[in-house]
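Undergrad: Pasting a structure here, questions to come.
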Amino acid sequence: MDTYGTEWNRAKNNLVNETKKLGFPGELGELIAKQLGSPKAISRMIGYLVNVKPRSEELVVDEMLAICSDIERWKAKKESEAANARISEFYRNGLSSDDDEEEW
Numbered sequence: 336m337d338t339y340g341t342e343w344n345r346a347k348n349n350l351v352n353e354t355k356k357l358g359f360p361g362e363l364g365e366l367i368a369k370q371l372g373s374p375k376a377i378s379r380m381i382g383y384l385v386n387v388k389p390r391s392e393e394l395v396v397d398e399m400l401a402i403c404s405d406i407e408r409w410k411a412k413k414e415s416e417a418a419n420a421r422i423s424e425f426y427r428n429g430l431s432s433d434d435d436e437e438e439w
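Note that our numbering has the sequence shown beginning at 336, numbered continuously upward.
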């Protein structure tokens with residue numbers, strides 16, 4: 336298994352353990368880890384569980400959705416920044432003979 340897979344499994348297992356400590360089923364932790372997808376996002380969720388100690392599954396899922404929303408917002412921001420960088424480059428240099436118009 337690669338380093339990322341090992342890191343992801345470790346984060347998932349920690350999330351499942353923290354979920355169980357709060358009295359929720361381990362399957363909830365498994366599903367949340369799968370939905371979040373990255374060790375960093377899972378770690379953020381673990382921080383929420385440890386510090387807030389939510390009393391209902393609804394609050395846990397609400398936080399998961401908030402984290403997912405933040406990730407999507409971050410991705411959209413990065414895509415916008417990349418597009419702005421390309422358009423700025425175009426304004427500075429114009430189209431060169433090597434550029435394919437379909438890229439724009």
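Just so it is clear, CB atoms sit at the ideal spot from N, CA and C, and this is done for glycine as well.
Just how far apart, CA to CA, sit M399 and R427?
TA: Going from the Cα of M399 to the Cα of R427 covers about 42 angstroms.
Undergrad: Quick check: N349 and I381, are their CB atoms within less than 8 angstroms of each other?
TA: Yes, the Cβ-Cβ distance between N349 and I381 is below 8 angstroms.
Undergrad: Around the C-beta of L384, are 16 or more other C-beta atoms found within 10 angstroms, so that it is buried, or is it exposed?
TA: Label assigned to L384: buried.
Undergrad: For a minimum of 4 consecutive residues, which ranges assigned as the alpha helix (DSSP H) are wholly contained in the stretch 350 to 419?
TA: 361 to 371, 374 to 387, all fully within the stretch 350 to 419.
Undergrad: Check whether the Cβ atoms of V387 and E365 sit closer than 8 angstroms, and answer yes or no.
TA: No. Outside cutoff.
Undergrad: So, using beta-carbon positions, are C403 and L371 closer together than 8 angstroms?
TA: Yes, they are a contact pair.
Undergrad: Specify the secondary structure class of G429 as computed by DSSP and reduced to three states.
TA: Coil, per DSSP.
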